[in-house]
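Remarks on the structure that follows.
There are 2 protein chains.
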Amino acid sequence: MTTTTPPTEATTAVQTWLAQLDQALSASDAAAAADLFTEDCFWRDLIAFTWNIATFEGRAEVAAMLADTLDRVRPTGWRVTDGEEPAAADGLIEAWIDFETSVGRGHGHLRLRDGKAWTLLTTLYELTGYEEPHGAQRPKGAKHGASRGRTSWQEDRDREATELGFTEQPYALIVGGGQAGIGLAARLRQLNVPTIVIDKRGRPGDQWRSRYKSLSLHDPVWYDHMPYLKFPDNWPVFSPKDKIADWLESYTRVMELNYWPSTEAKSASYNDQTGEWTVTVEREGQSLVLRPKQLILATGMSGQPNVPRFAGMDVFRGDQHHSSAHPGPDAYKGRTCVVIGSNNSAFDICGALWEAGADVTMVQRSSTHIARSDALMEIGLAALYSEEAVASGVSTEKADLIFASIPYRIMHVFQIPLYEAMAERDRDFYERLEKAGFDHDWGEDGSGLFMKYLRRGSGYYIDVGAADLVANGEVKLAKGQVDHLTEHGVVLEDGTELPADLVVYATGYTSMNGWAADLISPEVAAKVGKCWGLGSDTAKDPGPWEGEERNMWKPTQQDALWFTGGNLAQSRFYSLFLALQLKARQAGLDTPVYALQEVHHLR
Amino acid sequence: MTTTTPPTEATTAVQTWLAQLDQALSASDAAAAADLFTEDCFWRDLIAFTWNIATFEGRAEVAAMLADTLDRVRPTGWRVTDGEEPAAADGLIEAWIDFETSVGRGHGHLRLRDGKAWTLLTTLYELTGYEEPHGAQRPKGAKHGASRGRTSWQEDRDREATELGFTEQPYALIVGGGQAGIGLAARLRQLNVPTIVIDKRGRPGDQWRSRYKSLSLHDPVWYDHMPYLKFPDNWPVFSPKDKIADWLESYTRVMELNYWPSTEAKSASYNDQTGEWTVTVEREGQSLVLRPKQLILATGMSGQPNVPRFAGMDVFRGDQHHSSAHPGPDAYKGRTCVVIGSNNSAFDICGALWEAGADVTMVQRSSTHIARSDALMEIGLAALYSEEAVASGVSTEKADLIFASIPYRIMHVFQIPLYEAMAERDRDFYERLEKAGFDHDWGEDGSGLFMKYLRRGSGYYIDVGAADLVANGEVKLAKGQVDHLTEHGVVLEDGTELPADLVVYATGYTSMNGWAADLISPEVAAKVGKCWGLGSDTAKDPGPWEGEERNMWKPTQQDALWFTGGNLAQSRFYSLFLALQLKARQAGLDTPVYALQEVHHLR
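Residue numbers (my numbering), protein chains in the order written: chain A, 1427 to 2029; chain B, 1427 to 2029.
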């Protein structure tokens, strides 16, 4: 293009603000910089300033953060991202921005209100000198020329497989080979960080294959891409579990991961002196000690199965499964089944049992939020993750950043109207549900499903059809707490007796630090504290306010111990920042953590 | 965008021409339509008008084709492709165009000179009513709602695996599971054509794994994408053979192909009455009869290994391998090796043997063309297939069509200057080669490597380093024809004796119809004739001029017998048109073939 158009007012406003910011930061004037923000401002930083994932609220927190970090970070080159024009709407100006720090390249998002920053997102996406090889910088592959004794790609891979973990130690050990573990491992491979992923199951993808057979992803394909390799254009909207399993299995191969199947971590301890973990693993029945510098638990953000302890569980003569181990309905045609719980897994399992011809009762113990899948797609996700979003230029990468730019503190404000719209859209459905006696809620503040997910990771069902079975009585509904089991059934506190050949405990999971308790020690689990949740002071997410997901993808109170997990989208997005934190440490960069999170809850 | 800019002169010229074409075609006036073309025109049609792959040269051929096809094709809606502005340069106006036919949607490319069409490419890319589900039309995956007895994705896949080929017959049987076979199978899956791919090797990708260990793709990544699933952005420029093998193995899984490994086709015969093949296959040692309606040979466009018959091969005491079965150099360190041939495989194998520390002699029997890999990338491919091309908007799909728009008859004219530039760029290199006694050529008309590939599929080496070994004498060069072998070596016609522990016959391949001779009958092989080559009347590509690759991706003289093959790019591009030809037949559409090719050569 040779034509030049004059900058818009929005562009000028952003450029002016960035110049002011640059001036204040260059002068190491944290107070002046903070004055460029509104009083109710938010600055969310993903490792660019803080080597942490943290949100700073209000000018004082911004000033304090800058005062501590500026001399080290030395940010420069603040500018509007090439090709991205700032846009004004609803009294706000939004802009994509770029900058550099002393160690790498940053990208961010800015919202100006009356010439001051209301929200600022800063992310570090690349370390100078450690850029990932891609595009024009991709590896050559074939080694051209001729040199004696050179090895082939396969020989190099074979040698790595025989050496890493044996004669050479991995820098990073990832426990858990689901989407979070392998997405992170893929990034670490690109960053040249020697990494092993272990998983107790026999094949990559078995994390999904082993679940109940009717399971499909509840999130749509546009939201689910893994790093580097997008699903093809003909991939289904909602992946069946075995199909996503096959994809993840292929992914481990194509991304050249060092993936050890049938390998279980038995114990781990950290030596502060040497900065090294000693991890005993059992690989295909053989005991082996690994000595990584960094240990990452990717064992499922839902944590360990929360199997309740009811009186009589030992005398019940039928089958009992936690939802995570329930194989599906095939053996239960014509049998009587009781499912304890009323969230996602409970509904999916009830639906599949009913479809197989079982007599099914759901036991609702507390109120549940239900959002219909098509309403969620249409109202909740379409603007960021949909075919239309992609067509209008909102790539997955951009959508991730837009989402990340909204501070958790006020995210519910943006969510509430969406769920009000869903309530209106599906009014008949909710009336039928409630008429059937189902206790339905929209979250304590009406902010719906996604906030429940972020706050507690539970308390909802994305309806793909099973809610109607409850509404119309095909799946029976019982309500109340379980008192005990008998030889032949479940008895509720109100005395209701539910005969059962099968009891499924769809009773959820405990915090991820439970894995750390088992693998490392209860002391270390207590030291790092509860994982997940924002401190929203709502059910199962007690205060105080913490502002970010506890312990996820960022430094914890235990050196060299990290947690990753969540849905495919979070695994994709946050794996970049976790990978860069690990790379920076491997490369020996100075990585002082600002505002390391405090621990307020043990579980 | 709400602003409207007036059409450019180029756009107006194209629109005017398309309107004239539309008028002539609507009036079924073939002569008037032909008058819209220059006297030296070319119309290349990929199944849109002819249910064939054919190029018509000059107004008379264009008029004849239209006279025969117009009433059936009824093309309408001729227009400039949305968002693609026609461009004028060098006295030509180029445009992307769209149109519809009575059975589907067409896309094409037009070059106007002085208001008349010089080249026109028409392709049919989609059959109305049989559109592939993708983008907004992608499958939903999860089946929402609840219905008794419904099956999961995995159960459906498992059922297909147990039924197809046993209780249910495939519509299409593809013999050969390399890139051509599986790329076609992926498209047929999307088009809902029941298909089985068989391959004699144990695992998908073994077509590549089984080759000599130093092999890498000689074409760069931008040129090599498979249908639907592009290589990620960090994929190496030149894939090592085992890495591409892993990719193809994953591809068969992700694309949900019915791929039968360890399965060999033993015999096949066609019943004209029933329109059905009877194909006996041996699957993991068990004999089985398949009855497909269509049989596709995807057994390698290079055809069968051409193993020479030299006197003394039976008395030679060392190892003898055809290049296709040569395992690589590991067993030959310090041994004396003779490689017969001087094309791609010969150079690769000489280089790998030298690297492993063998004493290597190459026997050049006839002159060879060498192009350096980096020169080919820079001069030959960069405009269409490169990181820069992608960045400037030339997607792989667009590059394929641009390339397809250049008529084979005049393609050498465009190629010659590229190779002149390479000769200039690498002058020192070629001087050194010739000084070493190597017979080098640029093709009979100086048109270089790609024309040799299209005409004969041999006669060249893409230099990735081994040519220097010959130039500097590290790999010894002998010249002349082989007379015979002795117990301990090779004797040339001039009496030169070359001692050898290993003789590799890098002596190329025969035509693909050799596979048909073995599998079906010599009579059918003779009926369909030679595969590949254009009839250029150059070495190994005898005239008369045929204008398209013989027998490839299009109807042959044998009903229901098809050939596919070639490099990854050809497999990607032509698989669409072959798949649509098969789909049209499966759907029962009328598919009269215009200008079915005649047979001029048996092999």
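Beta carbons are placed, not taken as given, at the ideal position from N, Cα and C, and that holds for glycine. These figures come from a predicted structure and were not determined experimentally.
In the structure shown, Gly1955 of chain B falls within a coil segment according to DSSP collapsed to helix, strand and coil.
The alpha-carbon separation between Asn1977 of chain B and Gly1991 of chain B amounts to approximately 11 Å. By a beta-carbon distance limit of 8 Å, Tyr1551 of chain A contacts Leu2002 of chain A. Their separation comes to about 7 Å. Residue pairing by DSSP puts Phe1482 of chain A in a beta bridge opposite A:Trp1469. Identification of chain A residues near Tyr1654 of chain B by a Cβ-Cβ cut-off of 8 Å yields Pro1658, Asp1659 and Asn1660, ordered along the chain.
With contacts defined as CB atoms closer than 8 Å, Thr1964 of chain B and Glu1870 of chain B qualify as a contacting pair.
Put simply, the CB of Pro1565 of chain A is near chain B, with a gap under 8 Å to one of its CB atoms. For secondary structure counted as the alpha helix (DSSP H) over 4 or more consecutive residues, the stretch 1582–1614 of chain A holds no complete run. Excluding the 5 residues flanking it on each side, Phe1999 of chain A has same chain C-beta neighbours closer than 6 Å at Asp1826, in chain order. Taken atom to atom, the span from the alpha-carbon of Leu1536 of chain A to that of Ile1519 of chain A is near 8 Å.
Under the 10 Å beta carbon count, Glu1558 of chain B is surrounded by 16 or more other beta carbons and is classified as buried.
Identification of chain B residues near Lys1669 of chain A by a Cβ-Cβ cut-off of 9 Å yields Gly1567, Trp1579, Gln1580, Arg1583, Val1680 and Glu1682, ordered along the chain.
Its Cα nearest to that of Thr1527 of chain A, the residue A:Thr1548 stands out among A:Thr1548, A:Gly1509 and A:Gly1517.
By the neighbour-count definition (other C-beta atoms within 10 Å, threshold 16), Val1950 of chain A is a buried residue.
In terms of Cα proximity to Gly1921 of chain A, the closest of A:Tyr1931, A:Ala1904, A:Val1930 and A:Ser1937 is A:Ala1904. By the criterion of a C-beta distance shorter than 6 Å, Ser1693 of chain A is surrounded in its chain by Thr1706, once the five residues flanking it on both sides are discounted. Residue contact check for Ala1562 of chain A against chain B: a CB pair falls below 8 Å. Around the beta-carbon of Trp1971 of chain B, fewer than 16 other beta-carbon atoms lie within 10 Å, marking it exposed.
The contact set of Ser1636 of chain B on chain A, defined by CB atoms closer than 7 Å, is empty, because the minimum CB distance reaches about 12 Å. Judged by DSSP secondary structure, Met1788 of chain A falls outside any alpha helix (DSSP H) and instead within the beta strand (DSSP E) spanning Asp1785 to Gln1790. By the beta-carbon neighbour count (other beta carbons within 10 angstroms, threshold 16), Pro1565 of chain A is exposed. For Val1488 of chain B, same chain residues with a beta-carbon under 6 Å away, outside a window of 5 residues either side, are Ala1460, Phe1463, Trp1469 and Phe1482 in chain order. In the displayed model, Leu1444 of chain A falls within a helix according to three-state DSSP. The stretch 1772–1784 of chain A makes no contact with the stretch 1799–1812 of chain A; the number of CB pairs closer than 8 Å stays below 3.
The C-beta of Lys1878 of chain B comes no closer than 8 Å to any C-beta of chain A. Here Asn1898 of chain B is exposed. Its C-beta has fewer than 16 other C-beta atoms within 10 Å.
Relative to the Cα of Leu1655 of chain B, the nearest Cα in the group A:Ser1947, A:Lys1639, A:Lys1667 and A:Trp1673 belongs to A:Trp1673. DSSP assignment within the stretch 1935–1979 of chain A yields no whole beta strand (DSSP E) run of 3 residues or more. When the beta-carbon positions are compared, His1644 of chain B and Val1930 of chain B stay at least 8 Å from each other.
Along the stretch 1881–1903 of chain A, the positions whose C-beta sits under 8 Å from a C-beta of chain B are Val1890, Gly1891, Ala1892, Asp1894, Leu1895 and Glu1900, read in chain order. With a beta-carbon spacing of about 24 Å, Leu2015 of chain A and Val1623 of chain A fall beyond the 8 Å limit used to define contacts.
Of all alpha-carbon atoms in B:Pro1596, B:Thr1933 and B:Ala1952, the one lying nearest the alpha-carbon of Arg1717 of chain B is that of B:Pro1596.
Chain B has no Cβ within less than 8 Å of the Cβ of Asp1920 of chain A. Neighbours of Ala1572 of chain A across chain B, judged by C-beta separation under 7 Å: Gly1777, Trp1780, Glu1781, Gly1891, Ala1892, Asp1894 and Leu1895. Across the structure, Ala1611 of chain B and Glu1814 of chain B are spaced so that their CA atoms are roughly 31 Å apart.
With contact defined as three or more Cβ pairs closer than 8 Å, the stretch 1681–1690 of chain A and the stretch 1575–1592 of chain A are in contact.
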